[in-house]
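Chemist: Residue numbers (the working numbering): 28 to 434.
1) Using the Cβ count rule (16 or more neighbours within 10 Å means buried), how would you classify residue 166?
2) What does residue 187 pair with, by DSSP beta-bridge criteria?
3) Going by beta carbon distance, what residues of the same chain come within less than 7 angstroms of residue 392, once the five residues before and after it are set aside?
4) Is the beta carbon of residue 419 sitting closer than 8 angstroms to the one on residue 110?
5) Excluding sequence positions up to five away, which residues of its chain have a Cβ less than 8 angstroms from the Cβ of residue 388?
6) By how many angstroms is the C-alpha of residue 194 removed from the C-alpha of residue 278?
7) Look up residue 256 in the DSSP assignment and say whether it is helix, strand or coil.
8) Mark residue 122 as exposed unless 16 or more other C-beta atoms lie within 10 angstroms of its C-beta, in which case mark it buried.
9) Below 8 angstroms on the Cβ atoms is my contact criterion, and I expect residue 236 with residue 196 to pass it. Report the Cβ-Cβ distance as a whole number of Å.
10) To which residues of the same chain is residue 108 closer than 7 angstroms at the C-beta, ignoring the five residues directly before and after it?
11) State buried or exposed for residue 232, treating a residue as buried only when at least 16 other CB atoms are found within 10 Å of its CB.
12) Counting C-beta neighbours from all protein chains within 10 Å, is the total for residue 20 16 or more, i.e. buried, or is it exposed?
13) Given residue 94, which residues of its chain have a CB within under 7 angstroms of its CB, disregarding the five upstream and five downstream residues?
14) What residues in its chain sit with their C-beta under 8 angstroms from that of residue 431, if we drop five residues either side in the sequence?
15) Pull up the distance between the alpha-carbon of residue 375 and that of residue 353, whole angstroms please.
16) DSSP three-state call for residue 221: helix, strand or coil?
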């Protein structure tokens, strides 16, 4: 059983193509910070409107199949906005929280429609070429004109065409994912992966983003597991998924004790030539629980952790789980966990229908990828929600194809 791979352009209406283009632009999965201005923001809002209208025009198509997912996403969005409203004194932009929530909800609606129409590959191809064009422009400018498009604010947080070094690195990681998911399982695919891996290594070294470089290695391992080994059946189990999910959260507690061991510190500093505090992460971890217990239910609001510098030094949690909890609170995290339960269960059931579906398994592997990165980075944001929404849509598409074959 295969997901629809051949879609003729003439069969896709102009409204559909405009909707896909609008989705890629308004969703702002890859923030083009160089163009951040009131006009650019207004353009984003304008592009958001037709996509929302398109989604609600097709709402009947997705409510029956996706009401649980959409309900939980709506709960997450409501809590994010409520958290920012409750903390309005400290919130730097309540409107940004509302826009962020609208993006998340529309991503799930739009991708669900694509799944119902069995055209997720159209979305993936559009995303791939969008990233190819923007990353080519970013990388050329970053290398040819580094004084203007790279190290404006210093090497560590340089302002590139797409934003800072993390924006650039995660954009490349998403393109890496799209290249892999759109290829077939053969030698040519492995060759292309090898070439792009070399490119990823070069980019990550140039912008000094070792976390994403490590993530590329993990992605290779996950790809090998889900495509070539029976162990993928273990990864698809709900208990295994949440074991990894919660382990990534509690490891920061163990880090402080483990990295206090003198031989390990010597290895990190003298052999790896890295900071013994994991680039300041251990210092940040010391403040996490103090912040958590002050606002444990609804958190500090969208983007508010960067404001909490009046009493203690704190930029962000440097851990995806705790940064999400401190921003939005335990209630919002419960909604996220319930959302993951629904989607992972759906994947587990659908994977039995099509055990060797590359698109299905690679999409699922990306959730594990972000759980792994989340141990030391704050990655439970727009792109993480995009991967959840995409997996939900692909599961729906596989179900649609299976139903057609049974008829």
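Think of the CB as a built atom: it goes at the ideal place given N, C-alpha and C, for glycine as much as any other residue.
Modeler: Checking against the coordinates, here is how it stands:
1) buried
2) 190
3) 249, 250, 253
4) no
5) 253, 254, 259, 378
6) 25 angstroms
7) coil
8) exposed
9) 4 angstroms
10) 124, 125, 128
11) exposed
12) Because residue 20 is not part of the residues shown, which for the chain are 28 to 434, the question remains open.
13) none
14) none
15) 30 angstroms
16) helix
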